[in-house]
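J.:
Chains as they are written, first to last, in my numbering: chain A, 312 to 670; chain B, 8 to 124.
(1) If you measure from the beta carbon of residue 61 (chain B) to each beta carbon in chain A, is any gap under 8 Å?
(2) In the region 82-93 of chain B, which residues sit with their C-beta less than 9 Å from some C-beta in chain A, listed in chain order?
(3) Identify which residue in A:669, A:560, A:634, A:579 has its Cα closest to the Cα of residue 644 (chain A).
(4) Tell me whether residue 122 (chain B) sits in a helix, a strand or coil according to DSSP, three-state version.
(5) Looking at the unbroken alpha helix (DSSP H) that takes in residue 353 (chain A), where does it start and where does it end?
(6) For residue 381 (chain A), tell me which candidate among A:469, A:646, A:574, A:508 has the shortest Cα-Cα distance.
(7) Using alpha carbons as the reference points, say which of A:450, A:363, A:402 lies closest to residue 588 (chain A).
(8) Apart from the five residues just before and just after residue 363 (chain A), which ones in its own chain have a Cβ nearer than 8 Å to its Cβ?
(9) Candidates A:595, A:486, A:460, A:615: which alpha carbon is nearest residue 378 (chain A)'s?
(10) For my contact list, residue 400 (chain A) and residue 591 (chain A) are in at a C-beta cut-off of 8 Å; report their separation, rounded to the angstrom.
(11) Between residue 102 (chain B) and the rest of its own chain, which residues show a CB-CB distance below 7 Å, the 5 nearest in sequence each way excluded?
(12) Extract the residue ranges of the beta strand (DSSP E) inside the region 22-89 of chain B, only unbroken runs of 3 or more that lie entirely within it.
(13) Within the same chain, show all residues whose beta-carbon is closer than 8 Å to that of residue 446 (chain A), passing over the 5 residues directly before and after it, in chain order.
(14) Classify residue 58 (chain B) as buried or exposed, calling it buried when 16 or more other Cβ atoms lie within 10 Å of its own Cβ.
(15) Could you pull out every unbroken beta strand (DSSP E) segment of at least 3 residues lying fully inside the region 534-616 of chain A, listed in chain order?
(16) Using a C-beta to C-beta distance shorter than 9 Å, which residues of chain A count as neighbours of residue 58 (chain B)?
(17) Based on DSSP bridge pairs, tell me the residues matched to residue 687 (chain A).
(18) Output yes if chain B places a C-beta closer than 8 Å to the C-beta of residue 456 (chain A); else output no.
(19) DSSP three-state call for residue 531 (chain A): helix, strand or coil?
(20) Given this structure, state the Cα-to-Cα distance separating residue 51 (chain B) from residue 64 (chain B), to the nearest angstrom.
(21) Compare the beta carbon distance of residue 315 (chain A) and residue 342 (chain A) with 8 Å and say whether it is the shorter of the two.
(22) Within a Cβ cutoff of 6 Å, which residues of the same chain sit near residue 642 (chain A), ignoring the five residues on either side of it in sequence?
(23) Cβ of residue 666 (chain A) less than 8 Å from any chain B Cβ?
(24) Applying the criterion that 16 or more other CB atoms from any shown protein chain within 10 Å of the CB defines a buried residue, is residue 405 (chain A) buried or exposed?
(25) Quick check on residue 415 (chain A): does DSSP put it in helix, strand or coil?
(26) How would you label residue 466 (chain A), buried or exposed, when you count the other beta carbons within 10 angstroms and need 16 or more for buried?
(27) Taking beta-carbon pairs under 9 Å, can you tell me which members of the region 37-50 of chain B lie near chain A?
(28) Give me the chain B residues within the contact set of residue 594 (chain A), using Cβ-Cβ distance strictly less than 9 Å, ordered along the chain.
(29) Count the CB pairs spanning the region 346-361 of chain A and the region 327-338 of chain A that are closer than 8 Å, and state whether there are at least three.
(30) Can you list, in chain order, the residues of the region 410-443 of chain A whose Cβ is nearer than 7 Å to any Cβ on chain B?
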């Protein structure tokens, strides 16, 4: 056991936008084992949710994660709708798909940029983030806010998207796709990028399943599991097929997300084409009572909400399980055997969202 | 390669000349809350709906206290107000040196946390 050193990676590290610590045990330059430490950004949101009214919680759960705020609100609202036996109108369902997919698209852009930054490709990072700005502008125009869009409500959506804005979304998506055609081949075909990602941070399909990986980490191992297959909101009517890759390394995970960008663009286009007319909000009656589990697909994987309500205007318990929490054990399995210099790339390859994880 | 060089030489920069040229604010933006107490009946519907508890309504004193720093700009109060007293302004809240509560009582008054004007 001589020559072994322990190097703390994080909680503050140039590649980490959020604080997580990995204690890396090294044999020379090779990682032998990694111990994750979380708990730096715990905000007590689950407890706060028990003290607020269930209608106000929609705005609280949005703040669990800034990047996929709408999807958190959607998961919560679907759970409450299930408890109150109401169903969102068809138009609201399609609007939910549009906003969810735009969130996924901008989250993947953000990740692709950060990933490029992790192996020191700063100009590519800026290209992706410039692209992402166009998507943020859509949120600003349609929802009135760039990050926390607050458009999901119990029983539907709070805002409608006008025809003018729908056309604007389509035009923006054309532009985004054009830019993606230019920038994505760099991630996928560049010699240096491939050297840094192919075969790095590899786990097997069995490991991924056993350790409970979620989202693109699981799909990069050839498991076609995506919560959108459940057909929540309007996904059931859009003919959705999950994107999978088979290699299970950093490159495969990047490829899954890159392909999901195009898939999201297509889903938004399809949803806009099929968008029905009608009301956007079904007024809920009564108060929620009972227990329910709601699952949706976040950009990072499966998001799970457990709600317990007793018929008052406050919840008994709200439990949130985010995909990054599920992806930490696979991350710990990916690290042994890799070089120290590859650790940032591997950590970023699971798209960690620590604020989500700690709530 | 040459195409890229030429297009970069003659194309406009991707950034804006910030103070001279501001970003256009979208039409339906939820910028900041604007109170208009002329028609207010002090019913307290806005305070009930506010998820951040940023609004306090004192009915006997006919007073609305609005904590700008708790506000999350969700526009719930604007939706709840039946008198149309609350609008979402098409501008973002400006930064300030002190934490101020905005008190609306007849004429809007500005006070800080200690009650000094």
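Every residue gets a Cβ at the ideal spot worked out from N, C-alpha and C, and that includes glycine.
None of the values given here were measured: they were computed from a predicted structure.
T.: Checking against the coordinates, here is how it stands:
(1) Judged by the 8 Å Cβ criterion, residue 61 (chain B) is not in contact with chain A.
(2) Shown in chain order are the members of the region 82-93 of chain B whose Cβ falls below 9 Å from a Cβ of chain A: 82, 83, 86.
(3) When each option's Cα is compared against that of residue 644 (chain A), the closest is A:560.
(4) The pLDDT assigned to residue 122 (chain B) is 47, lower than 50, so where the model puts this residue is not dependable; a value taken from the coordinates is nonetheless given after this. DSSP places residue 122 (chain B) in coil when its eight states are reduced to three.
(5) From DSSP, residue 353 (chain A) is part of no alpha helix (DSSP H); its letter is neither H nor E.
(6) When the alpha-carbon of residue 381 (chain A) is set against those of A:469, A:646, A:574, A:508, the nearest one is in A:469.
(7) Closest by alpha carbon: A:402.
(8) Excluding positions up to five away in sequence, the list reads 371, 625.
(9) Of the listed residues, the one whose Cα sits closest to residue 378 (chain A) is A:460.
(10) Right, their Cβ atoms sit about 6 Å apart.
(11) Excluding residues up to 5 positions away in sequence, nothing lies with its Cβ nearer than 7 Å to the Cβ of residue 102 (chain B) in the same chain.
(12) Listed in chain order, the complete beta strand (DSSP E) runs (minimum 3 residues) inside the region 22-89 of chain B are 39-42, 62-65, 70-74.
(13) The answer, listed in chain order, is 413, 416, 417, 420, 483, 487.
(14) Its Cβ being crowded by 16 or more others within 10 Å, residue 58 (chain B) is buried.
(15) Counting only runs of 3 or more, we get 600-609.
(16) The contact set of residue 58 (chain B) on chain A, defined by CB atoms closer than 9 Å, consists of 363, 364, 366, 367, 368, 369, 370, 371 in chain order.
(17) This structure does not reach residue 687 (chain A), given that chain A is present from 312 up to 670, and the question cannot be answered.
(18) The beta-carbon of residue 456 (chain A) is placed less than 8 Å from the nearest beta-carbon of chain B.
(19) Coil, per DSSP.
(20) Approximately 6 Å between the Cα atoms of the pair.
(21) No; because the gap between Cβ atoms is not below 8 Å, this pair is not in contact.
(22) So the list reads 661, once near-sequence residues are dropped.
(23) Residue 666 (chain A) does not count as touching chain B.
(24) Classification for residue 405 (chain A): buried.
(25) Residue state, collapsed to three classes: helix.
(26) Buried.
(27) Using a CB distance below 9 Å, the part of the region 37-50 of chain B facing chain A consists of 37, 38, ordered along the chain.
(28) Those do not exist, as residue 594 (chain A) stays about 13 Å from chain B at its closest Cβ, beyond 9 Å.
(29) Contact holds: three or more Cβ-Cβ distances are below 8 Å.
(30) Taking 7 Å as the Cβ-Cβ cut-off, the region 410-443 of chain A approaches chain B at 441, given in chain order.
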